[in-house]
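S.K.:
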Amino acid sequence: METSLFKIGDKELQSRLFLGTGKFGSNSQMEEAILASGSELVTVALKRVDLETDTDAILSHLKHPGIHLLPNTSGARNAKEAVFAAQLAREALETNWLKLEIHPDPRYLLPDPIETLKATEELAKLGFIVIIDAGIGAPSDAAKAMELGADAVLVNTAIAVAGNPKLMAEAFKEAVIAGRKAYEAKLGQQYSHAVASSPLTAFLYE
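Each residue of the sequence shown is one higher than the one before, counting from 434 in our numbering.
(1) Rounded to a whole number of angstroms, what is the C-alpha to C-alpha distance between A604 and E473?
(2) By Cβ distance below 8 Å, which residues in the same chain neighbour E555 in space, the five residues on each side in sequence not counted?
(3) Any idea what DSSP makes of V516, helix, strand or coil?
(4) By a C-beta neighbour count over all protein chains shown, 10 Å radius and 16 as the cutoff for buried, is E524 buried or exposed?
(5) Three-state secondary structure (DSSP) at I610?
(6) If you draw a straight line from the C-alpha of L503 to the C-alpha of L446, how long is it?
(7) Can you tell me which of the three DSSP states E445 falls into?
(8) Starting from T590, trace the beta strand (DSSP E) in both directions and tell me its first and last residue.
(9) Could you have a look at N505 and say whether DSSP puts it in helix, strand or coil?
(10) Taking 8 Å as the cut-off, does the region 590–597 touch the region 442–462 (at least 3 CB pairs, one atom from each stretch)?
(11) According to the Cβ coordinates, are I441 and L452 closer than 7 Å?
(12) Pick from G570, P539, L531: whose alpha carbon is nearest that of G560?
(13) Reducing DSSP to helix, strand and coil, say where T528 ends up.
(14) In terms of alpha-carbon separation, which member of G471, A469, A490 lies closest to V477?
(15) Are the CB atoms of V609 and R449 within a distance shorter than 7 Å?
(16) Please state if the CB of N505 and the CB of E464 are separated by a distance shorter than 7 Å.
(17) Give me the Cβ distance between H501 and K444, rounded to the nearest whole Å; I'm assuming they're in contact under 8 Å.
(18) Taking the CB atoms as reference points, tell me whether A518 and L479 lie closer together than 7 Å.
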């Protein structure tokens, strides 16, 4: 049994696992992990690609049938920079999709909530589909998020820095599917006290 399809903007997706492309040891390792994950939506940092050419070293590893690119604004320090980057990406990659990141502090990479909100409002007016992510550290985190009702999760570092990125990508794929199935199956009622799983009748013939 497959999990239900879900729709964001004008796209209908089967996989609820989105992948980031940073921190991999090589582009071929990145490509292998993406294909193993079954992801249909992959992020790419605008500052890492050459939008002027179709033979960019990173983009050539991401262009596969069924995989949509989700440009992100990593490096933007305020709403103005993020909106400008989004407009460049839309023109070069022909997409209205965007992963929004605004973190003016390069050391701790703490997001700026005020500037993020301002950018989101402006980008929505310009017709962008905006996705905001947060860190997922392990397959169990992804499963729990899906179990709680999340529509999708976005993972990068946990896969990229794993000892075996391809195997970890497969683990996340299975975790997301399992968590979504648990959500759709509807978890049983939880009690604050013990409840016997067998009838509380007399033991044998007593």
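Built from N, CA and C at the ideal position, the CB exists for glycine as well.
Keep in mind it's a predicted model, so treat the numbers as computed, not measured.
M.R.: Let's see:
(1) Using only the alpha carbons, I get a separation of about 16 Å.
(2) Within its own chain, the residues whose Cβ lies closer than 8 Å to the Cβ of E555, once the five positions on either side in sequence are excluded, are A512, V516, listed in chain order.
(3) When DSSP states are grouped into helix, strand and coil, V516 belongs to the helix group.
(4) Exposed: under 16 other Cβ atoms inside 10 Å.
(5) Helix.
(6) L503 and L446: Cα-Cα distance of roughly 14 Å.
(7) Three-state result, E445: strand.
(8) Segment 590–593 is the alpha helix (DSSP H) holding T590; no beta strand (DSSP E) there.
(9) Strand, per DSSP.
(10) Because the criterion of three Cβ pairs below 8 Å is met, the region 442–462 and the region 590–597 touch.
(11) At the C-beta level, I441 and L452 stay beyond 7 Å of one another.
(12) Among G570, P539, L531, the Cα nearest to that of G560 belongs to L531.
(13) If DSSP states are grouped into helix, strand and coil, T528 belongs with coil.
(14) It is A490 whose Cα lies nearest to the Cα of V477.
(15) Closer than 7 Å, so yes.
(16) Between E464 and N505, the gap from beta carbon to beta carbon reaches 7 Å or more.
(17) Confirmed, about 6 Å.
(18) For A518 and L479, yes; Cβs fall inside 7 Å.
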